[in-house]
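*Asks:* Just passing along the structure, written as structure tokens.
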Amino acid sequence: MRRSQSFIKTKKQAPADEQAHNAQLLIRGGYIHKEMAGVYSYLPLGKRVLDNIAQIVREEMNAIGTEEVQMSVLQPKELWEKTNRWDDNVVDNWFKTKLKSGTELGVGLTHEEAVADALHDYIFSYKDLPIYVYQIQNKFRNELRAKSGLLRGREFVMKDLYSLSRSQEEHDAFYEKISSAYLKIFSRVGLGDITYPTYASGGYFSGFSREFQTLSEIGEDTIYLDKQKRVAVNKEIYEYSLLEKIGLNKEDLVEVKAVEVGNIFPLGTKYTDALGMHFADEQGQKKSITMGSYGIGISRLMGLLAEHFADEHGLVWPANVAPYKVYLANLSDSEPAKQAAEAVYRSLSEAGVATIYDDRNERPGEKFADADLMGIPLRLVVSEKSLQAGGFELKYRTKSEVEIIPATSVSQQVVDKVKSLI
Ligand code: ATP
Ligand code: MG
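Be aware that the sequence shown starts at 1263, since it is given in the numbering used here, and climbs by one per residue.
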């Protein structure tokens, strides 16, 4: 991407009504646009980060044999009445709308009913199960407070997966499989060390659900963490009898703040029974279907990564999710510098290294500040001065030293450095 051809500009200030640090940084860096409280649009840089996170999630979901779908956002009232989840007294954060005819519709906030109902047509016997489907889609929730930027949106991007199994055992086996896939995802986005499976409320059969909580001061949740065993308990359900049941000791736990980045819910046969779904087992007996749902907050993760890794100069993306790996800036109008920058831009692009090329006519200080604020992992600078010193200046976003790389080998060296980052 050439800065001269992009509409993106960084900002000195975030809007006065934006209180969340993640959204302030992302707005200033040119990643997102605030539509209203809890509602953000993704600009080119933001879209690339969101897509990178989604792609990591997609790869890990596909690796465990699940299939991607895209359910409708508009939902019929009748379907949700069957499971008693239409009433505002039961689910209090619905957005609802109406057809011109007056027929009421819901705006999808989760998709257990929709997925189960669509799959109903495909399930007859034990041979048709298990089924695992997921989607990556905007969800709509009329959240009471939306003051945390991307961490709590009224419109936000979620990965939601649903499993339909023949038995509790089959369900449990998948539950563990997806749990490890989740840990891989959180490692790949750079949060592996500080993300913990956490016992939480809800959940059929076992009596609890499993959240994935990332340690952070900005978290809304309080958890009790056993660092040694790498497992935690949400404060909501923290009590002696539970600790005993799951084999944790009060003395080994520390109280910490955390952000819920994902969760998995055993749903038993509650929804499938309510929707009249069954299958015939090997003996032709009618059996209930065991369901589970599994979420990850894609846009919440983006907000958390933005806020967690930032420093006083701006964003600092982990290389795996960074919108571009290299920020290339030419600082002089001399022909040799310009030609050297153009040549490197071309060869990095050919090598598949996502590069922002700052070819604008701006002061060096401006370009350095943008590279920092945007949080691009590697900064590569060329100027008359750098060419005299032997080539290009390379700097990592997370380090202060600058190294000089000869113009002749710069592309190859940058390709290698990018590879070693991811
Ligand atoms: P929370 O406890 O944070 O309200 P939840 O328990 O309602 O979330 P789910 O309905 O299971 O969450 O959604 C799955 C995932 O989607 C959550 O783990 C979280 O990462 C993300 N998520 C939920 N609500 C929001 C929101 N309003 N904005 C952004 N991400 C969200
Ligand atoms: Mg929750």
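Beta carbons: idealized from backbone N, C-alpha and C, even for Gly.
(1) Taking the continuous beta strand (DSSP E) assigned at Arg1472, which residues delimit it?
(2) If we call anything under 8 Å between Cβ atoms a contact, is Thr1484 one with Val1521?
(3) Cutting at 8 Å between CB atoms, please list the residues of its own chain near Val1677, excluding the five before and the five after it.
(4) Please confirm whether any heavy atom of the ligand ATP lies closer than 7 Å to the CB of Thr1457.
(5) Excluding the 5 residues flanking Gly1652 on each side, which residues of the same chain have their C-beta closer than 7 Å to its C-beta?
(6) Please report how far the alpha carbon of Gly1366 lies from the alpha carbon of Phe1630, in whole angstroms.
(7) Given Val1578, which residues of its chain have a CB within under 7 Å of its CB, disregarding the five upstream and five downstream residues?
(8) On the criterion of 16 or more Cβ atoms from any shown chain inside 10 Å, does Lys1587 qualify as buried, or is it exposed?
(9) When you measure from the CB of Asn1351 to every non-hydrogen atom of the ligand MG, does any distance come out below 7 Å?
(10) The ligand MG and Gly1343: does any heavy atom of the ligand fall closer than 7 Å to the residue's C-beta?
(11) Look up Thr1272 in the DSSP assignment and say whether it is helix, strand or coil.
(12) Might you give, ordered along the chain, the residues of its own chain that have their beta carbon closer than 6 Å to the beta carbon of Tyr1589, omitting 5 neighbours on each side?
(13) Of all the options Lys1446, Glu1482 and Gly1524, which has the alpha carbon lying nearest to the alpha carbon of Lys1421?
(14) Report the option in His1373, Leu1371 and Phe1418 whose CA atom is closest to the CA atom of Met1298.
(15) CB Met1333 to CB Ala1378, shorter than 8 Å?
(16) Report the partner residues of Phe1654 according to the DSSP bridge assignment.
(17) Can you list, in chain order, the residues of its chain with a C-beta nearer than 6 Å to that of Glu1498? Leave out the 5 residues immediately preceding and following it.
(18) For Asn1284, which residues from the same chain have a beta carbon less than 6 Å from its beta carbon, with the 5 sequence-adjacent residues on both sides left out?
(19) Pop quiz: Ser1478 and Lys1532 are said to be a contact at Cβ under 8 Å. What is the actual Cβ separation, rounded to whole angstroms?
(20) Please classify Leu1635 as buried or exposed, where buried requires at least 16 neighbouring CB atoms within 10 angstroms.
(21) Rounded to whole angstroms, what is the Cα-Cα separation between Gly1292 and Ile1270?
(22) Helix, strand or coil for His1575, going by three-state DSSP, please let me know.
(23) So is Lys1548 in contact with chain C if we call contact Cβ pairs under 8 Å?
(24) Can you tell me the Cβ-Cβ gap for Val1319 and Ile1558, rounded? I've got them flagged as a contact below 8 Å.
(25) Hey, could you find the ends of the alpha helix (DSSP H) Ser1410 is sitting in?
(26) Would you please state the rounded distance, in angstroms, between the beta carbons of Val1451 and Asn1582? I believe it to be under 8 Å.
(27) Quick one: Cα of Arg1310 to Cα of Gly1481, how far?
(28) In angstroms with no decimal places, state the Cα-to-Cα distance between Gln1674 and Leu1649.
(29) Do Phe1474 and Tyr1461 have their CB atoms nearer than 8 Å?
(30) Taking 7 Å as the limit, tell me which residues put their C-beta closer than that to any heavy atom of the ligand NAP, in chain order.
(31) Can you check DSSP and say which residues form a bridge with His1295?
(32) Just how far apart, CA to CA, sit Leu1288 and Ala1408?
(33) Once DSSP output is grouped into helix, strand and coil, what is the label at Asp1595?
(34) What separation, rounded to the nearest whole angstrom, lies between the Cα atoms of Leu1445 and Ala1316?
(35) Please identify the residue among Pro1459, Leu1515 and Glu1431 whose C-alpha is closest to the C-alpha of Ser1442.
(36) Taking only three categories from DSSP, how would you classify Met1709?
*Replies:* Let me lay it out:
(1) Numbered from 1 along the sequence shown, position 210 holds the residue referred to as residue 1472. That run of the beta strand (DSSP E) goes Ser1471 to Leu1477.
(2) As a working note, residue 1484 is residue 222 in the sequence shown. As a working note, residue 1521 is residue 259 in the sequence shown. No. Outside cutoff.
(3) If you number the sequence shown from 1, residue 1677 lands on position 415. So the list reads Leu1610, Ala1613 and Val1615, once near-sequence residues are dropped.
(4) Taking the first residue of the sequence shown as position 1, residue 1457 is located at position 195. No, the Cβ of Thr1457 stays beyond 7 Å of every heavy atom of the ligand ATP.
(5) Sequence index remark: in the sequence shown, residue 1652 carries index 390 (1-based). For Gly1652, where only same-chain residues beyond five positions count, the Cβ hits under 7 Å are Ile1666 and Pro1668.
(6) Numbered from 1 along the sequence shown, position 104 holds the residue referred to as residue 1366. Numbered from 1 along the sequence shown, position 368 holds the residue referred to as residue 1630. The residue you asked about is not Gly; residue 1366 is Glu in the sequence shown. Whole-angstrom Cα-Cα distance: 53 Å.
(7) Taking the first residue of the sequence shown as 1, we reach residue 1578 at position 316. Phe1571, Ala1572, Gly1637, Arg1659 and Thr1660, listed in sequence order.
(8) On the sequence shown, residue 1587 is found 325 positions in, with the first residue counted as 1. Classification of Lys1587: buried, given that the 10 Å Cβ count is 16 or more.
(9) Taking the first residue of the sequence shown as position 1, residue 1351 is located at position 89. Not under cutoff, so the answer is no.
(10) Stepping through the sequence shown from its first residue, residue 1343 is reached at position 81. Contrary to the premise, residue 1343 reads as Glu rather than Gly in this sequence. For the ligand MG, not one heavy atom lies less than 7 Å from the Cβ of Glu1343.
(11) As a first step, residue 1272 must be located in the sequence shown, where it is residue number 10. Residue state, collapsed to three classes: coil.
(12) Within the sequence shown, numbered from 1, the residue matching residue 1589 stands at position 327. Taken in chain order, the residues that qualify are Ile1618, Ala1633, Ile1638 and Arg1641.
(13) Numbered from its first residue, the sequence shown carries residue 1421 at position 159. Measuring from the Cα of Lys1421, the nearest candidate turns out to be Gly1524.
(14) The count along the sequence shown starts at 1 and reaches residue 1298 at position 36. Nearest of His1373, Leu1371 and Phe1418 to Met1298, Cα basis: Phe1418.
(15) Walking along the sequence shown from the start, residue 1333 turns up at place 71. Walking along the sequence shown from the start, residue 1378 turns up at place 116. For Met1333 and Ala1378, no; Cβs fall outside 8 Å.
(16) As a first step, residue 1654 is located in the sequence shown; it is residue number 392 there, counting from the start. Answer is Ile1667.
(17) Locating residue 1498 in the sequence shown gives position 236, where the first residue counts as 1. Answer for Glu1498: Ser1463, listed in chain order.
(18) Position 22 of the sequence shown, counted from the start, is the residue given in the question as residue 1284. Hits under 6 Å: Gly1411, Leu1412, Gly1565, Ala1568 and Glu1569.
(19) Stepping through the sequence shown from its first residue, residue 1478 is reached at position 216. Stepping through the sequence shown from its first residue, residue 1532 is reached at position 270. The Cβ separation is near 32 Å, so there is no contact.
(20) On the sequence shown, position 373 is the one that residue 1635 refers to. Leu1635 should be labelled buried.
(21) Reading the sequence shown from its first residue, position 30 is the one you call residue 1292. Reading the sequence shown from its first residue, position 8 is the one you call residue 1270. Cα to Cα, the separation comes out at about 6 Å.
(22) Here residue 1575 is taken as the residue at index 313 of the sequence shown, counted from 1. Coil, per DSSP.
(23) Looking at the structure shown, chain C is missing, and only one protein chain is on hand.
(24) Walking along the sequence shown from the start, residue 1319 turns up at place 57. Walking along the sequence shown from the start, residue 1558 turns up at place 296. Contact holds; Cβ gap of about 6 Å.
(25) Locating residue 1410 in the sequence shown gives position 148, counting from the first residue. Ser1410 -> no alpha helix (DSSP H), and no H or E assigned at all.
(26) Residue mapping note: residue 1451 aligns to position 189 of the sequence shown, counting from 1. Residue mapping note: residue 1582 aligns to position 320 of the sequence shown, counting from 1. Val1451 to Asn1582, Cβ: 6 Å. Contact.
(27) Locating residue 1310 in the sequence shown gives position 48, where the first residue counts as 1. Locating residue 1481 in the sequence shown gives position 219, where the first residue counts as 1. Those two C-alpha atoms are separated by around 25 Å.
(28) Position 412 of the sequence shown, counted from the first residue, corresponds to residue 1674. Position 387 of the sequence shown, counted from the first residue, corresponds to residue 1649. Taking the straight line from one Cα to the other gives about 17 Å.
(29) Numbered from its first residue, the sequence shown carries residue 1474 at position 212. Numbered from its first residue, the sequence shown carries residue 1461 at position 199. No. Outside cutoff.
(30) With respect to the ligand NAP, the structure offers nothing, as its ligand set consists of the ligand ATP and the ligand MG.
(31) Position 33 of the sequence shown, counting from 1, holds the residue named residue 1295. Paired residues: Ser1303.
(32) What you label residue 1288 is simply residue 26 of the sequence shown in a count that begins at 1. What you label residue 1408 is simply residue 146 of the sequence shown in a count that begins at 1. Distance between the alpha carbons of Leu1288 and Ala1408: 16 Å.
(33) Translated into the one-based positions of the sequence shown, residue 1595 becomes position 333. In this structure, Asp1595 counts as coil in the three-state DSSP scheme.
(34) The residue given as residue 1445 occupies position 183 in the sequence shown. The residue given as residue 1316 occupies position 54 in the sequence shown. Their backbone Cα atoms lie some 15 Å apart in a straight line.
(35) Working through the sequence shown from its first residue, we reach residue 1442 at position 180. Residue Pro1459 is the option with its Cα nearest to Ser1442.
(36) Lying outside 1263 to 1684, the shown extent of the chain, residue 1709 is not represented and no answer is given.
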